[in-house]
Structure formats: structure tokens, C-alpha cells
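Chains as they are written, first to last, in the numbering used here: chain A, 1 to 348; chain B, 1001 to 1341.
Positions of the beta carbon are idealized from the N, C-alpha and C atoms, including for glycine.
Given the structure is predicted, the values throughout are model-derived calculations rather than measurements.
A short write-up of the structure that comes next.
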């Protein structure tokens, strides 16, 4: 049973790991192969700061809220293990700031210690009159992706540095199931007008005195179009750009100035921070995550594709819940192919 | 007295901040800081500089709270300015955890720090050996940066820095009108204060940049304080010990205790060991005194004995000491004009 995963970002690698963990002992013939044109540190996941935080509203998409929760709980369980440092996983607290009162988010009970900001705290942020404080998690892609890669390599998963041009290409080579975790480029494999780039740009600085994340919100300009500051383990990420429909991965001087000026206004101490890099990336944005099976007729064969893409700016936040859901879909494929005598339970 | 001459003895956080307050309350004063140690070899340089007050048994609580509040307000403003990085001042959030519920669930300073509240059950799960906890946000003064920043401000205000060991306050009587005694543990010898005693603290300073929160055991013995570049792991409270040599067994013990609070510290690198003697007293001595010897008088202001709480109250006590200096100068000016009559 050959399973090909297209994409080696956080979604592709975690889906591969989840499937291998759950099925390799039940299905000795299982062979996993990861195909990607970009590997860490050149994926979209590597550019993200790595903060676990969903969008403000789940737009009634309760399934996504559940996947977010599964991810948070899964990561929290790993926090005190020796693997945490290698995974790039650690706790971080911080501020979400608003110019007007807003309803509590769907994730208020998922994170730790969620509360409203006190008047004294709000005085630190002129121009903002309302906000939240909570403790969440950081999962740095630059560490997590290599960690996932190591786990997969240990399990005998093979990696191929190659741009897959079509699903057929893989099926004609004898692949049985394809996991489509191609993120932004999913449209190249199968047109999807709902998938659009949400272009972001970030400035990386050295500001080790910043210990909290600070995320501002401008309800009129939309998510991530307002300054944010996220301190990592080696550098701090300054951002605040979300341009829907912009495919450019070039850094823009105008965006640089906008990020720098707005972040320095938010945290005057940043004026002394040393800039060490800049990066632009495309959030694979979609009204909802596409996580579903698709059966493709190829001649007299029925080929199975599991789509798992369109995670926008919350890929890291939702990845494990989606990987588990993808694994469940894989399980149902196996059942239908009568590869399994009974449905698999979750692996402990 | 056109330009009163003030000597501040001691260049730790107390000496430097007191000198700075004097330049602010008495701009016409000429201020000199005299010390045998400057940053990075003062006791202050060993301390983590966390703004979590120590309770002095014999100082009225309202006075301690006033000192803490003044210090917190002063530092909060710096942390929110462009100077924050240079001054080494930054906000840090975290948890104080207790193995058994403390008698006093609300410490006197709970409304001075930010966002103080009891920890939730979910948060306590991170600390399986502890049953109660408090979450809050406070400030940290990293040393040497903070002391170097104070020195820079002092030099800009015309303060002179002199490397000199003062063995006796009377040495200064002919050159200075007022002497301010900020000698910390040195006051034991310098003014013979037997109520002052060392409480030895050993700490580790490690590289663990993924640690973004402070964690403190309510017993005050085990703590993890993340600074700008290093995390301070502590510690010990050895009353009466004068030893400044690091003890390897203690190092191992501190590391183990901190790892049990924060397992990821197992991956910490570049462990540096430091020792400081907390200049401890039942109450901080912020007091004016006029010394007499053979018909000659010397105006002295004392500001020492801050023990484990130096950083937490430094600006408040510095302000109070500066006002006492102003009183000394008024008294001297009053008596010198009387002498003219």
C-alpha cells in the first residue's frame, strides 16, 4: 500500500506522521513517500512565527475549533517531555489588543489563563481600549519541521525532492492513495477558486527583552492587517500584513515601513532592535479548510485523494487536528479496500 | 552653601539610584559616587532584579508598599520607552506556586503588579507538586545593563565616579557636606551595624531563550527568572554565611530543583555560577544621622539593609534618602546662616 504525501510543510509532514503512527503496525505493507519542491527551511511553515492562535471568529466552523483544540492539547502534552526543545515548543503569554470591546473568542477555554486586560495594562498600549491576556504555545517551524522529518525518517518514510505536476503522475507510478497537502499551490494540481493567497510580510529582529506576544486587531482592515510582535527563541517577528489575492513573494519596501513604524509605535523599545532579516509568504487562504476524500476514476482504477489544504494563517494552530482527521479518512479508505478487518481505534 | 557636596558611598543599585535621585531633587548639589566595586562586580550584578517584594518584618507594610509602588511605576515607564533595551528593563509574566496554600493569599503588592490573579486548575497542572498559585506580570531589571544605564545618566548629570575604598565615613568629612551610606553588606564594617547580616545566595545564569515566563516557588528558594540574554536559576538563602565561593553541590541542587519546575531547562547551555550576599536586616535602614567627633559634625544619610528586596524597592528608598539629604542640606544651611549672625 503506497501512500504519497504532496507537500512537506507542517500539514504534509504531520499528516504523514499521524498516518504512519496509526497504521504501520496494522498494515505491514504501508509505504509512505513525501514529495515536495520545497523542504524546511524553505516552506511557508518555516516563515510563520509559530504562535498557536486561531482567528478571532470561527464563523460557525465548529469542526475547525475542535481541530484547533486537539492540536493545542496534543502540544501541551508534549510540553514537559525532553522532545519539547527539539520540537521548538514552549509556552508563551501575551496580549491581544482592540479599539473596542469584542466577544470572547472560540478558543478562550482552550488556551490557559484567558482573561480581559486590566485598565493599568491597557495604559501600556495607547490607542487600544480593550484586550485579552492569555498563555498559549509557540511551535517554531524551523525546529518542528526538522523534528517531524527526523521522526518520519526513523520510521522509514522516504522523501523525494520533486514538483508533482498531477495526481495522475503518482497514480500511474503505482501509488494507491495521495494526500494533497500542497498548501498554496493546490490550485496547480486541481483548480480551486476558493483558494487564494493571503500575502504576509515579516521583519525578523533581535529584541530578546520582549517576552510576550502582542497582537493588535483592526476590525475594519481584517485579520493580520494590524501590527503584531511575536518573540521566538532566537529572534522576534514583527508583522501586520495580510493582502488577499497578492501572489508576490518579494519583500515590499512599503510593507516594511508600515510594519516597522506601526510596531515601533506599539512598543517604543523596538526602535533599538537590530533587523536581521525579512520574509514574505503566502498564507493558503480558503473560506474553510478543505479536508475531504475524493475518488478519482483513472481508467478502470479508483484512485483516492485526501485533500488537506487551505489552512490560511492558522496552519500550525490546527495542524494536528487536521492530521488526525486525515488519518481517519485514510482509515475509511483502508476499510473500503478491505485492507483492515475492523476499524482501527486511535493509537495511544 | 552654593553647591553642597554630597558623597554617595556604594555603587550597587542602591548607591547609583540614590545618587540619581539626589541629582534630581537637588540640582545644585555636586554628587560623587565612591565605591570599591562597580558593575559588574557588585552584589546587584548577581541578583536577577525581579520586582517581587521581600517582606521586611520591622518596616511598616504601608511604607514597603509605597516604596514598591514608586519603583514599579518608575520602571514601568522606562520599560515602555525607547530606552528599555539599554536600561535592561522589561515586563515578564509568570507564576508563583505553592506546595501548600499560603496563609496570605493576597500579598500586599498584589495590586501593584499587573494582572494578579490566582492560577486556574488547568494552569496548575503544569506544576504537579504544587496545589496553589498566583499568576501576574511584573518587571525585571537586568544587571549589568541597568547599573550601566544609571551610571550613564549620572555622568550626564555631572556626577563623578570614584574608585575608592572608604574605610571610615570620617575620611570624607573635609571634602563633603553630606555622606550617603549605600554600602549594603559593607555597612557591617563601615558603621559597625551588627543588625545587618548576610544571607548568601548562589545562582546559575544559563542560556535558555525559549523560557519566557518566571516561575517562583512560594518558599522563595527555587526560582527561574528569564532575563534579556540569560535565565537566572536560584537559589539559596544561607543566613550568616559570608562565603563568596560557588559550591558545586549547591549548583547541582539548584539545577535539579529548577528542572523539576521547568523540565525544558535540561537543555540549558553555558551555565555560569554566581554568589552574592544579600545585605539583610529586619528593616531597611533609611535614616538621617549626625555623627559627632571632637566637636566636628558629619551629616549622614543611611540607605542600606535591603536584603532580598533591593531591586523591588530601590527607587522608593532612593527617593526617601534623597529627601533626607535635602533635609540635611537645609539644616546645614540653616546653621551656617545662624553661625553668621
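Shorter than 7 Å, the distance from the beta carbon of residue 84(A) to the closest heavy atom of the ligand HEM, or not? Absent from the structure shown: the ligand HEM. Ligands present: none.
Here's a check: name, in chain order, each residue in its chain whose Cβ is nearer than 6 Å to the Cβ of residue 1193(B), leaving out the five neighbours to either side. 1187
Can you name the residues that DSSP bridges to residue 1007(B)? 1032(B), 1179(B)
Name the chain B residues that come within less than 8 Å of residue 90(A), Cβ to Cβ? 1210, 1211, 1212, 1264
Under 8 Å Cβ-Cβ, which residues of chain B neighbour residue 211(A)? 1090, 1091, 1092, 1093, 1212, 1213, 1226
Amino acids of chain A, ordered along the chain, whose beta-carbon sits closer than 8 Å to that of residue 1085(B): 207, 209, 269, 272, 273
Cα-Cα separation between residue 126(A) and residue 97(A), rounded to whole angstroms: 10 Å
Going along the chain, which residues of the stretch 1130-1158 of chain B sit with their C-beta nearer than 7 Å to a C-beta in chain A? 1135
Under the three-state DSSP convention, the category residue 1157(B) falls into: coil
Cross-strand partners of residue 1299(B) (DSSP beta bridge): 1178(B), 1290(B)
At a Cβ threshold of 8 Å, is residue 118(A) touching chain B? yes
Mind listing the chain B neighbours of residue 121(A)? Cutoff is C-beta to C-beta under 9 Å, in chain order. 1114, 1115, 1137
Smallest Cα separation from residue 24(A): which of 208(A), 157(A), 250(A), 243(A)? 157(A)
Could you pull the start and end residues of the beta strand (DSSP E) that residue 1280(B) belongs to? 1269-1280
Who are residue 1162(B)'s beta bridge partners in DSSP? 1034(B)
Figure out for me which residue from 100(A), 326(A), 335(A) has the closest Cα to the Cα of residue 21(A). 326(A)
CB contact check: residue 1049(B) to chain A, cutoff 8 Å: no
Just curious, the beta strand (DSSP E) that residue 1198(B) is in, first and last residue? 1197-1207
The stretch 242-254 of chain A in contact with the stretch 268-285 of chain A per 3-pair CB rule at 8 Å: yes
Relative to the C-alpha of residue 1292(B), which residue among 1022(B), 1083(B), 1173(B), 1253(B) is closest? 1173(B)
Go to residue 1232(B), then tell me how far its beta strand (DSSP E) extends in each direction, as first and last residue. 1231-1234
Residues of chain A with a CB under 7 Å from the CB of residue 1267(B): which are they? 85
Evaluate contact between the stretch 1212-1229 of chain B and the stretch 1248-1260 of chain B, counting only Cβ atoms and requiring at least three cross-stretch pairs below 8 Å. yes
Compare the C-beta of residue 1123(B) against all C-beta atoms of chain A and say whether one is closer than 8 Å. yes
Using 8 Å as the threshold, is the C-beta distance between residue 144(A) and residue 200(A) below it? no
Kindly provide the ranges of any beta strand (DSSP E) runs that are 3 or more residues long and lie completely inside the stretch 180-226 of chain A, ordered along the chain. 196-206, 213-216
Could you have a look at residue 1056(B) and say whether DSSP puts it in helix, strand or coil? coil
Are any of the Cβ atoms in chain A nearer than 8 Å to that of residue 1003(B)? no
What residues in its chain sit with their C-beta under 7 Å from that of residue 1091(B), if we drop five residues either side in the sequence? 1079, 1137, 1139
Separation of residue 120(A) from residue 284(A), as counted between CA atoms: 38 Å
Let me check one thing: in DSSP terms, what residues is residue 1141(B) bridge-paired to? 1089(B)
Which residues in chain B sit within 7 Å of residue 233(A), going by Cβ to Cβ distance? 1209, 1210
Once DSSP output is grouped into helix, strand and coil, what is the label at residue 351(A)? Any property of residue 351(A) remains undetermined from this structure, which presents chain A solely from 1 to 348.
Between 1300(B), 1310(B), 1056(B), which has its C-alpha nearest residue 1008(B)'s C-alpha? 1300(B)
Beta-carbon proximity check, residue 197(A) vs residue 247(A), cutoff 8 Å: yes
Is residue 1318(B) close to chain A, meaning its C-beta is less than 8 Å from at least one C-beta of that chain? no
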